[in-house]
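Using UniProt numbering, read the sequence shown as starting at 1 and increasing by one per residue.
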Amino acid sequence: MEPTFAIAAPRILLVMTDSALAQQIGQDLQQAGYDPVTAATFADCQLACQEWQPALVIVDDLAMEHRPDNVSGLDLCRKIRQEKITLPLLLIMESDRLEDRVNCLEAGADDYLLKPYRDQQFLDMVQLYLKPTAPSGEQLRFETLVLDLATRRAERNGRLIDLTMKEYELLKFLMEHPRQVLSRDKILENVWGYDFLGESNVIEVYVRYLRLKIEPDGEKRLIHTVRGVGYVLREA
């Protein structure tokens, strides 16, 4: 008889100080087949990412006065990204204003969930961000830019580029449609989903981040703005 090996459940790090919410989310994750672990401070989060190697990080955007280290949820997301942690990062927010959405994305979060907590909506989003990667070796190429669909990393002129989940999804969509002018609505629908339709600010935020990563120090521009329409990946 061939030996069988158990597949480890995806580990999910919950960074939150609301113990009741953390317990409820943890129970829902366990029942759905995940392995939740918790942290309360940024230092705990750093240690957890090193030791537990989670597949996903979820942060509760409580105000800083409610946190033991006086770091807000948005600032905690920024610190995570400054540490070059590129894991999918979700933020649980109180408000759904456009300003809050943009602040969430600018802080480095890939996506957000709104309170009050809804278990099925939450689990659907977790499943979306933990979907399997492409088979090893599958790549998209455009000029000197290469996107590895298995590692979700880009490379340009021999320089490796780490991407957050949403940066990866946006670049992937552009590279799947080279030289095609893609409208803001089309990008929003395919990368962010219907909830963001009509709110192009989020695209501008992420295009700016992608340009900083793939076009640093005056490298040839690949992502071009088509005024009044959207964006296109093309040669100069």
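Note that CB positions come from ideal geometry on N, CA and C, so glycine has one too.
Practice task
Kindly confirm or deny that the segment 144–151 and the segment 119–129 touch, where touching means at least three C-beta pairs closer than 8 Å.
Solution key: Result no; under three Cβ-Cβ pairs closer than 8 Å.
Problem - Selection from Q120, G218 and C45 that minimises the alpha carbon distance to Q31 - result: Here the question's residue 31 lines up with position 31 in the sequence shown. The residue with the shortest Cα to Cα distance from Q31 is Q120.
Exercise for the section: Alpha carbon to alpha carbon, how far is I187 from D111? Give it in angstroms, no decimals. Expected result: Within the sequence shown, numbered from 1, the residue matching residue 111 stands at position 111. Within the sequence shown, numbered from 1, the residue matching residue 187 stands at position 187. For D111 and I187, the distance between alpha carbons rounds to 15 Å.
Exercise for the section: Helix, strand or coil for A39, going by three-state DSSP, please let me know. Expected result: For the purposes of this step, residue 39 is identified with residue 39 of the sequence shown, where counting begins at 1. Three-state DSSP puts A39 in a strand.
Handout entry: Helix, strand or coil at R97 according to DSSP, with G and I counted as helix
Key = The residue you call residue 97 lines up with position 97 of the sequence shown. Three-state DSSP puts R97 in coil, outside helix and strand.
Handout entry: Spatial neighbours of V229 in its chain, beta-carbon cut-off 8 Å, leaving aside the 5 residues before and after
Key = Within the sequence shown, residue 229 is the residue found at index 229, counting from 1. In its chain, beyond the 5 residues on either side, V181, S183 and R184 have a beta carbon closer than 8 Å to the beta carbon of V229.
Problem - Own chain, CB closer than 8 Å to G137, minus 5 neighbours either side, in chain order - result: Here residue 137 refers to the residue found at position 137 when the sequence shown is read from its first residue. Cβ neighbours of G137 beyond the five flanking positions: A150.
Exercise for the section: Could you check the C-alpha separation between A236 and T225 for me, to the nearest Å? Expected result: Here residue 236 is taken as the residue at index 236 of the sequence shown, counted from 1. Here residue 225 is taken as the residue at index 225 of the sequence shown, counted from 1. Approximately 11 Å, taken between the alpha carbons.
Practice task
Could you tell me the distance, in whole angstroms, from the CA atom of T38 to the CA atom of M16?
Solution key: Taking the first residue of the sequence shown as 1, we reach residue 38 at position 38. Taking the first residue of the sequence shown as 1, we reach residue 16 at position 16. Distance from the CA of T38 to the CA of M16, rounded to the nearest whole angstrom, comes to 7 Å.
Exercise for the section: May I ask you to report which of helix, strand or coil DSSP gives I85? Expected result: Stepping through the sequence shown from its first residue, residue 85 is reached at position 85. Correct three-state label for I85: coil.
Exercise for the section: Over the uninterrupted alpha helix (DSSP H) stretch that includes V202, give me the two end residues. Expected result: In the sequence shown, counting from the first residue as 1, residue 202 sits at position 202. Its alpha helix (DSSP H) spans residues N201 to I214.
Practice task
Counting only the same chain and skipping the five closest in sequence on each side, list residues whose C-beta sits under 6 Å from that of K213.
Solution key: Reading the sequence shown from its first residue, position 213 is the one you call residue 213. For K213, where only same-chain residues beyond five positions count, the Cβ hits under 6 Å are I161.
Exercise for the section: Answer yes or no: do L56 and G73 have a C-beta to C-beta separation smaller than 8 Å? Expected result: As a first step, residue 56 must be located in the sequence shown, where it is residue number 56. As a first step, residue 73 must be located in the sequence shown, where it is residue number 73. No.
Problem - L21 beta carbon less than 8 Å from that of Y117 - result: Position 117 of the sequence shown holds residue 117. Position 21 of the sequence shown holds residue 21. Contact flag set, yes.
Handout entry: Backbone CA spacing between L174 and K115 [nearest angstrom]
Key = As a first step, residue 174 must be located in the sequence shown, where it is residue number 174. As a first step, residue 115 must be located in the sequence shown, where it is residue number 115. Cα to Cα, the separation comes out at about 32 Å.
Exercise for the section: Put R106 into one of helix, strand or coil per three-state DSSP. Expected result: Sequence index remark: in the sequence shown, residue 106 carries index 106 (1-based). Checking the displayed sequence, the identity of residue 106 turns out to be Glu instead of Arg. Here DSSP, grouped into helix, strand and coil, assigns E106 to helix.
Exercise for the section: Taking all protein chains shown into account, decide if E167 is buried (16 or more other Cβ within 10 angstroms of its Cβ) or exposed. Expected result: The residue labelled residue 167 in the question sits at position 167 within the sequence shown. With 16 or more other Cβ atoms inside 10 Å of its own Cβ, E167 counts as buried.
Handout entry: Contacting residues, own chain, Cβ-Cβ under 7 Å from D96 (five flanking each side not counted)
Key = Position 96 of the sequence shown, counting from 1, holds the residue named residue 96. L114.
Exercise for the section: Verify whether the separation of the beta carbon atoms of G26 and L14 is less than 8 Å. Expected result: Along the sequence shown, read from residue 1 onward, the residue named residue 26 stands at position 26. Along the sequence shown, read from residue 1 onward, the residue named residue 14 stands at position 14. Taking 8 Å as the Cβ cut-off, G26 and L14 qualify as a contacting pair.
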